[in-house]
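Only one structure is covered here, and it is reproduced in the block below.
Residue numbers (my numbering): 4 to 333.
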């Protein structure tokens, strides 16, 4: 492993641990969400990283606002429809844009599920949950940008142009698939209160939104299933080891840092960078890092549900992308 890769991994580790520590000191509930932006906001060029940081916050705010409004004023069937339409619209616009500017719409699609699913399936209070997630997102964005800004070169060439227009059939196929998947996941989550149901529902909306918005999801699909598998296995291992700490939250966080160090190396290495994103995200989410979390059996059930959801979405998006592939570049 080269010195540049190690330095890159060290910056990712520092950004993630700073975000988690700041969230803990501020008394936020779901502090693991603060490390989420670290793995995806980081970009090879400074301008792209700044754009991703802004779009991450903007998409989170819009998605959270729609989710809170739906939970406040709309009954459950209407909430499912709102989630389905918002996710489908976000994915459709992101897919149509096809450049870095699409990222905000993908986050809008994801965030409405992040706010709605725990509120329906686990009875969480929507407004505090949304504000907590927004605050964590801000901390993560600030941390990764501040740590990496001076080490990230400016773009020397213009930003790549938008890809050639894609087949309209592919756009509608993806939007319809995301709408059906996210709407169905919302309805199921509303009727099953086990945390595993919420984990499955979250995996459906996150993976379908991310893959559905990509011009060509096949490279990401190739690494998704093994990445999710390793991430949820790490989460289960982490929860198993937490029993040795006696529940001390500081010790739990320090233990998580050891796992995050390995995840940072995987994210930084060119051969494992795509898989590293999925590993780190699923570890943080399934393991509820830094939070009291659930028991080991419940964590394992949620991890299994998340893995099954990833396999289903990866398979579906792979075949959808093959039905009407992108138009050939001129």
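Glycine included, each C-beta is placed from N, C-alpha and C at the ideal position.
Taking the Cβ atom as the reference point for each residue, do residue i and residue j lie within a distance shorter than 8 Å?
| i | j | result |
| --- | --- | --- |
| residue 205 | residue 94 | no |
| residue 207 | residue 312 | yes |
| residue 234 | residue 284 | yes |
| residue 216 | residue 53 | no |
| residue 202 | residue 289 | yes |
| residue 143 | residue 22 | yes |
| residue 130 | residue 71 | yes |
| residue 49 | residue 103 | no |
| residue 133 | residue 67 | yes |
| residue 220 | residue 214 | yes |
| residue 245 | residue 236 | no |
| residue 39 | residue 227 | no |
| residue 154 | residue 14 | yes |
| residue 280 | residue 212 | no |
Taking the straight line between their C-alpha atoms, what separation do you get for residue i and residue j?
| i | j | result |
| --- | --- | --- |
| residue 239 | residue 159 | 43 Å |
| residue 99 | residue 174 | 7 Å |
| residue 210 | residue 197 | 20 Å |
| residue 319 | residue 178 | 13 Å |
| residue 260 | residue 305 | 22 Å |
| residue 195 | residue 224 | 28 Å |
| residue 297 | residue 268 | 28 Å |
| residue 152 | residue 6 | 19 Å |
| residue 230 | residue 277 | 8 Å |
| residue 331 | residue 302 | Because residue 331 sits at a pLDDT of 47, beneath the cut-off of 50, its placement in the model cannot be relied upon, and the point is left open. |
| residue 188 | residue 90 | 12 Å |
| residue 310 | residue 12 | 26 Å |
| residue 253 | residue 122 | 27 Å |
| residue 200 | residue 34 | 21 Å |
| residue 110 | residue 96 | 12 Å |
| residue 271 | residue 101 | 24 Å |
| residue 73 | residue 20 | 34 Å |
| residue 147 | residue 10 | 14 Å |
| residue 176 | residue 324 | 9 Å |
| residue 17 | residue 172 | 44 Å |
| residue 315 | residue 247 | 35 Å |
| residue 292 | residue 157 | 33 Å |
| residue 263 | residue 51 | 24 Å |
When DSSP labels each residue in this structure, what does residue i get in the three-state scheme?
| i | result |
| --- | --- |
| residue 195 | coil |
| residue 4 | coil |
| residue 56 | helix |
| residue 31 | coil |
| residue 292 | coil |
| residue 222 | helix |
| residue 246 | helix |
| residue 101 | coil |
| residue 16 | helix |
| residue 320 | helix |
| residue 265 | helix |
| residue 159 | coil |
| residue 211 | helix |
| residue 298 | coil |
| residue 40 | coil |
| residue 273 | coil |
| residue 135 | helix |
| residue 172 | helix |
| residue 178 | helix |
Between residue i and chain C, is there a C-beta pair that is closer than 8 Å?
| i | result |
| --- | --- |
| residue 121 | Chain labels in this structure do not include chain C; a single protein chain is all it has. |
Hey, would you say the C-beta of residue i is under 7 Å away from at least one heavy atom of the ligand NAP?
| i | result |
| --- | --- |
| residue 75 | In the structure shown, the ligand NAP is absent, as is every other ligand, since no ligand is present at all. |
Between the segment 127-142 and the segment 24-36, are three or more C-beta pairs nearer than 8 Å? With a cut-off of 8 Å, the segment 24-36 and the segment 127-142 count as touching, because enough Cβ pairs lie within range.
Is it the case that the segment 55-63 contacts the segment 37-44, given that we only count it when at least three CB pairs across the two stretches are under 8 Å? Touching, yes.
Is the segment 181-188 close to the segment 79-95, with three or more CB pairs under 8 Å? The answer is yes - the segment 79-95 touches the segment 181-188, with three or more Cβ pairs under 8 Å.
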